[in-house]
Amino acid sequence: MKTDAQLRADIFEELKWEPSIREAEIGVAVKDGVVTLTGHVESYAQKYAAERAAERVSSVRALADDLHVKLPSERARTDTEVAHAVANALDWDIEVPHGLTARVEKGWVYLDGSVEWQYEKGAAERAVRYLTGVQGVTNRIMVKPVRVSTSAVSKKIREALHRTAELDSSRITVEEREGKVTLKGKVRSWAERTDAERAAWAAPGVLSVEDELTVGV
Numbered sequence: 061m062k063t064d065a066q067l068r069a070d071i072f073e074e075l076k077w078e079p080s081i082r083e084a085e086i087g088v089a090v091k092d093g094v095v096t097l098t099g100h101v102e103s104y105a106q107k108y109a110a111e112r113a114a115e116r117v118s119s120v121r122a123l124a125d126d127l128h129v130k131l132p133s134e135r136a137r138t139d140t141e142v143a144h145a146v147a148n149a150l151d152w153d154i155e156v157p158h159g160l161t162a163r164v165e166k167g168w169v170y171l172d173g174s175v176e177w178q179y180e181k182g183a184a185e186r187a188v189r190y191l192t193g194v195q196g197v198t199n200r201i202m203v204k205p206v207r208v209s210t211s212a213v214s215k216k217i218r219e220a221l222h223r224t225a226e227l228d229s230s231r232i233t234v235e236e237r238e239g240k241v242t243l244k245g246k247v248r249s250w251a252e253r254t255d256a257e258r259a260a261w262a263a264p265g266v267l268s269v270e271d272e273l274t275v276g277v
């Protein structure tokens, strides 16, 4: 495992490597593998990119995001303007089903409604994440999938984990009950943890995923 100093240096390098953010505006603190990002960025898209960049670095055990979005004056938009842009973005994205609703308050977007698949929930958030004027997104969309048998859900998740090249599936156990999936075990990085969670969400019939995986060698 890396020392906190090594981990902090690696995160700074990863932030520099990510072209969509400005690393000079971001501070990094590390204690026992727990990373805290501070400072401000010029868009919610940059904030999201900084989070993903930090999570990609090996030995990150957890991430606390204290970054703030500080929009330049030329990018400022009224809530009405943002709301119109959000409605259009949701309507034009082919992966976003109809029937979802959005509310904008001080630049913050709240998404509501229900979908059958987790990827549709993610698509709705992705559709509005990069819009000018957006300060943040709270995704309250509920996943309500078609019901399938418990044994089928667990089997499909285990098969998906085994297919993923970057994952050691033998270290991960899958528990499923009435559509609620719990992942347990150990992975080598935060990125592997994200991959395992994504694989679980991709199975039909999954209502929720509880990620109890720990990061370590």
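As numbered in this note's numbering, residues 61 to 277 make up the sequence shown, in order. Ideal Cβ placement from N, Cα and C applies to all residues, glycine included. For clarity, every value in this text was computed on a predicted model and none was experimentally measured.
Below 8 Å on the Cβ atoms is my contact criterion, and I expect residue i with residue j to pass it. Report the Cβ-Cβ distance as a whole number of Å.
i, j, result
"residue 269", "residue 260", "5 Å"
"residue 110", "residue 120", "Rounded, the Cβ-Cβ distance is 13 Å, inconsistent with contact."
"residue 247", "residue 223", "Not a contact, Cβ separation roughly 16 Å."
"residue 256", "residue 221", "6 Å"
"residue 176", "residue 205", "5 Å"
"residue 200", "residue 171", "6 Å"
I'd like to confirm the pairing. Which residues does DSSP put opposite residue i in its beta bridges?
i, result
"residue 87", "98"
"residue 105", "Answer by DSSP bridge pairing: none, since residue 105 is not bridged."
"residue 197", "169"
"residue 128", "100"
"residue 25", "Limits of the chain in this structure are 61 at one end and 277 at the other, which puts residue 25 out of reach."
"residue 175", "203"
Helix, strand or coil for residue i, going by three-state DSSP, please let me know.
i, result
"residue 144", "helix"
"residue 214", "helix"
"residue 294", "Because the chain spans 61 through 277 in this model, residue 294 falls outside it and cannot be assessed."
"residue 64", "helix"
"residue 268", "strand"
"residue 204", "coil"
"residue 182", "helix"
"residue 253", "helix"
"residue 135", "helix"
"residue 149", "helix"
"residue 221", "helix"
"residue 121", "coil"
"residue 82", "coil"
"residue 69", "helix"
"residue 263", "coil"
So is residue i buried or exposed if we call it buried at 16+ other beta carbons inside 10 Å?
i, result
"residue 66", "exposed"
"residue 272", "exposed"
"residue 134", "exposed"
"residue 154", "exposed"
"residue 74", "buried"
Just to confirm my understanding: we take residue i, look at its own chain, exclude 5 residues before and 5 after, and list those with CB closer than 7 Å. What are they?
i, result
"residue 78", "109 and 113"
"residue 189", "104, 105, 108 and 197"
"residue 146", "162, 164, 169, 188 and 191"
"residue 278", "For residue 278 there is no data in the structure shown, the boundaries of the chain being 61 and 277."
"residue 194", "104, 142, 167, 169 and 188"
"residue 125", "97 and 111"
Quick one: residues in its chain with C-beta nearer than 8 Å to the C-beta of residue i, no 5 flanking neighbours on either side, listed in chain order?
i, result
"residue 115", "123, 250, 251 and 254"
Beta-carbon within less than 6 Å of residue i's beta-carbon, same chain only, minus the 5 sequence neighbours each way: which residues are those?
i, result
"residue 139", "164"
"residue 202", "174"
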